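K.L.:
According to the numbering used here, the sequence shown is numbered sequentially starting from 10.
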Amino acid sequence: VDAEEECDLVEALRWAAGEELPVAVLGGGSNVVVADGGFDGLVVRMATRGIDVRAGHADDHVLVTAAAGEPWDELVDAAVDEGLAGVECLAGIPGTVGATPVQNVGAYGQEVGETIASVRVLDRGTLRACELTPAECGFAYRTSVLRREPERFVVLAVTFRFAIGTPGCTRY
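1. With three or more C-beta pairs closer than 8 Å as the rule, is the region 12-21 touching the region 42-60?
2. I need the boundaries of the alpha helix (DSSP H) containing residue 87, first residue and last residue.
3. Taking contact to mean at least 3 C-beta pairs separated by less than 8 Å, is the region 86-101 in contact with the region 143-162?
4. Excluding the five sequence neighbours on either side, which residues of its own chain have a C-beta within less than 6 Å of the C-beta of residue 24, listed in chain order?
5. Which partner residues of residue 140 appear in the DSSP bridge assignment?
6. So is residue 43 buried or exposed if we call it buried at 16+ other beta carbons inside 10 Å?
7. Taking Cβ positions, are residue 155 and residue 110 nearer each other than 7 Å?
8. Which residues share a DSSP beta bridge with residue 119?
9. Please classify residue 23: does DSSP put it in a helix, a strand, or coil?
10. Grab the span of the beta strand (DSSP E) containing residue 72 for me, first residue to last.
11. Helix, strand or coil: which one does DSSP assign to residue 165?
12. What is the DSSP secondary structure of residue 45, counted as helix, strand or coil?
Spelled out as structure tokens, the structure:
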């Protein structure tokens, strides 16, 4: 199933539960290896798209919310092109926005969790959307609660807090 809207994901999860099938949720699938026997269940690809940019509470940052299916590297390129700092070292990482908080992707001294303001998720138990704060995400080196509890949540969108007019990461 290509979930192009949140309701597509909910419908697919309800159907799979009714059929007692396991569900695998993918972004771009760049970090997936499937056994020769395949997967005996439903595969859902998060294909939601959209980016919303709004001013932060101060003049020094902007909040950017990107749907889970947005290509990650395109978001990084757009942020850099607009002079927004926070993920510039994470260029070239394959996958989608929705996958980045799961693994807390990082490179060259920068981790995505440092820039995330919130993560909108679907709770697979209740099939209701909610927002997780960075603290609730439990970001650590290459992990998060989203990775430690893969059957609990599906990432719907990520809101980033990008710095405006500051130099990029130089600490590596």
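Beta carbons are placed, not taken as given, at the ideal position from N, Cα and C, and that holds for glycine.
All values derive from a computational prediction rather than experimental measurement.
P.N.:
In terms of the structure at hand:
1. yes
2. 81-90
3. no
4. Contacts found: none.
5. 129
6. exposed
7. yes
8. 116
9. helix
10. From DSSP, the beta strand (DSSP E) with residue 72 extends over 70-76.
11. strand
12. Note: residue 45 maps to coil in three-state DSSP.
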